[in-house]
Amino acid sequence: MTDRLLVCDGLAKRFGGVHALDGVSFAIERHAIYGLIGPNGAGKTTLFNLLTGIYTADAGRMQFAGGTIDGLSPDRVCERGIARTFQNIRLFANLSVLENVMIGRHVRTKAGVFGAVFRTRATQDEEARIERRAHELLDYVGLADRANDIARSLPYGEQRRLEIARALATEPHLLALDEPAAGMNSTEKAALGELIKRIRTDGVTVLLIEHDVKLVMGICEHILVLDYGKQIAEGVPEDVRRDRRVIEAYLGTVGDDSIKVAT
Amino acid sequence: MPHVKSQSHHLMRSPVLAWVGIALIAVALIALPFALAQIGTAWVRIANLAILFALLALGLNIVVGFAGLLDLGYIAFFAVGAYCYALLASPHFGLHLPFWLILPIGALVACLFGVLLGAPTLKLRGDYLAIVTLGFGEIVRVFLNNLARPINITNGPQGISRIDPVSIGGIKFNTTGKVFDLAISGPMKYYYLLLIVLIIAIVINIRLQNSRIGRAWEAIREDEIAARAMGINTTQIKLLAFAMGASFGGIAGGIFAAIQQFISPESFVLVESIMVLSMVVLGGMGNIWGVVAGAVLLSFVPEILRYTVLPVQNALFGRAIVEPEVIRMLLFGLALVAVMLYRPAGLFPSAVRRRELAKADARLPA
Numbered sequence: 002m003t004d005r006l007l008v009c010d011g012l013a014k015r016f017g018g019v020h021a022l023d024g025v026s027f028a029i030e031r032h033a034i035y036g037l038i039g040p041n042g043a044g045k046t047t048l049f050n051l052l053t054g055i056y057t058a059d060a061g062r063m064q065f066a067g068g069t070i071d072g073l074s075p076d077r078v079c080e081r082g083i084a085r086t087f088q089n090i091r092l093f094a095n096l097s098v099l100e101n102v103m104i105g106r107h108v109r110t111k112a113g114v115f116g117a118v119f120r121t122r123a124t125q126d127e128e129a130r131i132e133r134r135a136h137e138l139l140d141y142v143g144l145a146d147r148a149n150d151i152a153r154s155l156p157y158g159e160q161r162r163l164e165i166a167r168a169l170a171t172e173p174h175l176l177a178l179d180e181p182a183a184g185m186n187s188t189e190k191a192a193l194g195e196l197i198k199r200i201r202t203d204g205v206t207v208l209l210i211e212h213d214v215k216l217v218m219g220i221c222e223h224i225l226v227l228d229y230g231k232q233i234a235e236g237v238p239e240d241v242r243r244d245r246r247v248i249e250a251y252l253g254t255v256g257d258d259s260i261k262v263a264t
Numbered sequence: 003m004p005h006v007k008s009q010s011h012h013l014m015r016s017p018v019l020a021w022v023g024i025a026l027i028a029v030a031l032i033a034l035p036f037a038l039a040q041i042g043t044a045w046v047r048i049a050n051l052a053i054l055f056a057l058l059a060l061g062l063n064i065v066v067g068f069a070g071l072l073d074l075g076y077i078a079f080f081a082v083g084a085y086c087y088a089l090l091a092s093p094h095f096g097l098h099l100p101f102w103l104i105l106p107i108g109a110l111v112a113c114l115f116g117v118l119l120g121a122p123t124l125k126l127r128g129d130y131l132a133i134v135t136l137g138f139g140e141i142v143r144v145f146l147n148n149l150a151r152p153i154n155i156t157n158g159p160q161g162i163s164r165i166d167p168v169s170i171g172g173i174k175f176n177t178t179g180k181v182f183d184l185a186i187s188g189p190m191k192y193y194y195l196l197l198i199v200l201i202i203a204i205v206i207n208i209r210l211q212n213s214r215i216g217r218a219w220e221a222i223r224e225d226e227i228a229a230r231a232m233g234i235n236t237t238q239i240k241l242l243a244f245a246m247g248a249s250f251g252g253i254a255g256g257i258f259a260a261i262q263q264f265i266s267p268e269s270f271v272l273v274e275s276i277m278v279l280s281m282v283v284l285g286g287m288g289n290i291w292g293v294v295a296g297a298v299l300l301s302f303v304p305e306i307l308r309y310t311v312l313p314v315q316n317a318l319f320g321r322a323i324v325e326p327e328v329i330r331m332l333l334f335g336l337a338l339v340a341v342m343l344y345r346p347a348g349l350f351p352s353a354v355r356r357r358e359l360a361k362a363d364a365r366l367p368a
């Protein structure tokens, strides 16, 4: 048996009469790049929100790194090792780029009120480590020279990279990216693809929601396709792109160009 | 450390100049009560009140400015601290614990009340939180008013009198003493005591703001969902803000009770909560120095007006046309409106607040 980092079994979520997710089961292997695609409203972000504790599932189980994460609050999920970015970027917009990443270190650091007020040796050392790590991560995503800028002033693509750096600051086992390429041009997308691959090489498993089919097919080993909350296909890119239901439900609706890219 | 935060250290550009500046301010602060005493001891008392309000504003600033939680019942913690002191150091129960022992007790009890208020309001935000905190402030006052029967705890609306003055190491703070040939009156002693407490409070605030906890507060204020997703236990961190803010109120309350030697529920009405909030907002939410300046300004200006409105009218018209009290409140209100119109982030805004408001402006339709 392979090493499975995340196993989801029969996840379901309803909003009133709408089945946003209905019996979704999948498993992600450690050190994989796992793609999650589907048309708008397919339930991709809902799945992310279940996974990260923002919503509670109506049914189903989630096993992560050997323990259950059902019903955990978002901060506990993060502590267990799942970090995420948001589709509609949620940076701490008025804080500096560096501070954003430093906040990401919160969950892996300890200093409390006592340490802060008396500025103990341990606290000072920890602060120095937090700042050093934040700089390293900014360098990692290519924002080293932006450290003192205000997050809001960054161009779109760089804000997305900053969100990734902030998520990485929490030392996740699984990094969940919600449409990280949205609003990027092709050069930026290519660079993002490289970044994601590097993150995986460095030992972090990646779960990726993305509309850009080329990007997903290019870097993911496994893909899960959702449509109207149901899972319609799961497998390696070659199989998924040939799947009749996928072409009908998803690729067929996107337009001719995308089909050409995908097939 | 290779990287120093640019915003917090811009004062350090010229260290020599900075130290000269600090020394000058220190001398001015030490000399201030003597200068004020020349005008009248009443002004020393006003200065003391200004420092007390600065303490309160600093505490409220943790809740409102750092964590972004609107609290309209903050004076309740001041009341809790004051009553703690009054009950533990007055003939009311026959207890006379020393000052240095009661102050931490008062802070702790106020802290507890902070958690008590914080816990049920964690899910509330904005207007809803404001209403609940407002109610909390009133509940505390009503309790103080009515806890005289069946067991007399607070002595009801009559309040508690003959509270012990502060006495540290044999120095009584309510009488005039002599240092060399210099007469130092009671209010002046309290001034120095308060000044020391204020400096400690400012240091604590600065250190908290530039810490892991301070960053977590900022994160919650900026985007609570993102903060939670980044592993910040928002429940804990919010409660911590309420608790820390409340303990400042408790300490200020304790000193207030000792100075006044008499307290009653009347001192802790809603207007006082609003006054402290005005100081925070006017000074510049989230900016420690701004908040202190706001407190000093709002404590002194109304008093200055009180003493100038009548003479000015007499000089202009030969008689008093409008009651001084009316003019005072009118000008006070006008000043607040003007500040909010022209400096919406406060007189001394924090950098982050200024950016937040700039963003709000940018969203307005052209």
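Which chain is which? The protein sequence lines are A and B, in order.
So for the first sequence, the numbering used here puts the first residue at 2; every next one is plus one.
So for the second sequence, the numbering used here puts the first residue at 3; every next one is plus one.
Note that beta-carbon positions come from the ideal geometry of N, C-alpha and C, so glycine has one too.
- A distance below 9 angstroms separates the beta carbons of PRO75 of chain A and ILE227 of chain B.
- About 7 angstroms separates the CB atoms of THR53 of chain A and ALA177 of chain A; that is less than 8 angstroms, so the two are in contact.
- Across the structure, ASP140 of chain A and ALA88 of chain B are spaced so that their CA atoms are roughly 57 angstroms apart.
- What GLY105 of chain A touches in chain B, judged by beta-carbon distance under 9 angstroms, is MET232, GLY233, going in chain order.
- Pairing ILE141 of chain B with ALA84 of chain B gives a Cβ-Cβ distance that is not under 9 angstroms.
- The C-beta of PRO159 of chain B has fewer than 16 other C-beta atoms within 10 Å across all chains shown, which makes the residue exposed.
- Nearest to ILE133 of chain B by C-alpha distance, out of B:GLY292, B:ALA28, B:ASP73, is B:ASP73.
- According to DSSP, TYR35 of chain A shares a beta bridge with A:LEU208, A:HIS223.
- Contact between ALA135 of chain A and VAL114 of chain A does not hold, since the beta-carbon distance rounds to 22 angstroms and is not under 8 angstroms.
- GLU180 of chain A carries a coil assignment under DSSP once its states are collapsed to helix, strand and coil.
- Within 10 angstroms of the beta-carbon of TRP219 of chain B lie 16 or more other beta-carbons, which makes it buried.
- Using a CB distance cut-off of 9 angstroms, VAL98 of chain A does not count as an interface residue toward chain B.
- Beta-carbon to beta-carbon, GLY285 of chain B and GLY348 of chain B are separated by about 5 angstroms, close enough to satisfy the 8 angstroms threshold.
- In the three-state reduction of the DSSP assignment, ARG330 of chain B falls in the helix class, which pools H, G and I.
- In the DSSP secondary-structure assignment, MET277 of chain B is not bridged to any residue.
- Inside the stretch 38 to 66 of chain B, DSSP marks no whole beta strand (DSSP E) run of 3 or more residues.
- A Cβ-Cβ distance of about 3 angstroms is found for the pair PHE250 of chain B and GLY61 of chain B, placing them in contact under the 8 angstroms criterion.
- Take SER352 of chain B, set aside five residues on each side of it, and the residues of its chain with a beta-carbon closer than 8 angstroms to its own are GLY67, GLY286, MET287, GLY288, ASN289, GLY292, in chain order.
- Spatial neighbours of GLU172 of chain A in its own chain (CB-CB distance under 6 angstroms, excluding positions within 5 residues in sequence) are listed in chain order as ARG109.
- Under the Cβ criterion of 9 angstroms, VAL118 of chain A is counted among the residues facing chain B.
- Contact annotation: THR156 of chain B and PHE145 of chain B have beta-carbon atoms nearer than 9 angstroms.
- Here DSSP, grouped into helix, strand and coil, assigns ARG109 of chain A to helix.
- Legend: CB atoms of the stretch 224 to 256 of chain B lying less than 8 angstroms from CB atoms of chain A belong to residues GLU224, ASP225, ILE227, ALA228, ALA229, ARG230, ALA231, MET232, GLY233, ILE234, ASN235, THR236, LEU242, MET246.
- Near chain A, meaning a CB-to-CB distance below 7 angstroms, no residue of the stretch 115 to 140 of chain B qualifies.
- In chain order, ILE290 place their CB closer than 7 angstroms to the CB of ILE208 of chain B, counting only its own chain and leaving out the 5 sequence neighbours on each side.
- When Cβ-Cβ separations below 9 angstroms define contact, GLY216 of chain B makes contact with chain A.
- Secondary structure of LEU92 of chain A (DSSP, three-state): coil.
- Rounded to the nearest angstrom, the gap between the Cα atoms of ASP203 of chain A and ILE197 of chain A is 10 angstroms.
- Against chain B, the CB of GLU80 of chain A has a partner CB under 9 angstroms away; the residue lies at that interface.
- Exposed is the label assigned to PHE16 of chain A, since fewer than 16 other Cβ atoms lie within 10 Å of its Cβ.
- Using beta-carbon distances, ARG122 of chain A does not count as an interface residue toward chain B, since no partner is under 9 angstroms.
- Residue pairing by DSSP places ILE265 of chain B opposite B:ILE162 in a beta bridge.
- By the CB criterion at 9 angstroms, ALA81 of chain B and ILE165 of chain B fall outside the cutoff.
- Put simply, the CB of VAL354 of chain B is near chain A, with a gap under 9 angstroms to one of its CB atoms.
- For MET281 of chain B against PHE55 of chain B, the beta-carbon gap comes to about 6 angstroms, under 8 angstroms, which counts as contact.
- Taking a beta-carbon distance threshold of 9 angstroms, ARG345 of chain B does not count as an interface residue toward chain A.
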